[in-house]
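First residue of the sequence shown? That's 177 in this note's numbering, and the numbers climb one at a time after it.
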Amino acid sequence: MSEKNQLLELVPAPSDVISIVHRLVDSRRPKNDSQQEALFAQLGFISRNSQDNPDEQSALRINPLDVGLGSTVLGTWGTYGKDFLDVTLHLYTSTKPESAKTRQGFLQIKNALSNLYGPARHPWEDEQQPPCIWEWNGWTITMHLFNARDSAVVLTVEDTNLAQRIDADEATH
């Protein structure tokens, strides 16, 4: 099989990733545990118990999350205090730098998100590969391509208001 054909066989399919993002940002942001559990049930997500001992000084908690895209996807969901913060997906990971497959997945997802939510913002233009950011319905979608040492696409969907509150809290400490 040629390298070109291999690039077309991305796992998970970018359309499956887009479906999850779209269903998440079209939902109401959960305001309590029961709403978060209902949202995860609606989306087919399965929360796993974290094996890490949380830092008692930190309000941030990160838990493993199965989003139904298979074992190649590392998913997590986070809370800040008792508030639902985000869902993060690590996609198309490779131990090789500059992975063509990782870049292809990044570009396909970026193009699809731009078609749905408009052009991405790139807040730090001086970076070699700045993050792509979209805002929709009270959610912020942030996607990074990491490819210097190894390769991965990291996509996060977070509650915009809570993330801004966290940034303000951290700026005062």
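Ideal Cβ placement from N, Cα and C applies to all residues, glycine included.
Item: Residue nearest to Leu215 in terms of C-alpha spacing, selected from Ser191, Ser234, Asp262; Value: Asp262
Item: Minimum C-alpha distance to Leu267 - residue among Arg341, Ser247, Ile238; Value: Ser247
Item: Among Gly220, Val330, Tyr293, nearest to Gln305 - alpha-carbon criterion; Value: Val330
Item: Residues bridged to Ile309 (per DSSP); Value: Arg297, Thr318
Item: CB contact flag (Ile194, Ala288, <9 Å); Value: yes
Item: CB of Phe282 within 9 Å of CB of Leu321, strictly; Value: yes
Item: Beta-carbon spacing of Pro273, Arg325 below 9 Å; Value: yes
Item: Status (buried if at least 16 other CB within 10 Å, exposed otherwise) for Arg297; Value: exposed
Item: Contacting residues, own chain, Cβ-Cβ under 6 Å from Trp253 (five flanking each side not counted); Value: Asn239, Leu241, Val263
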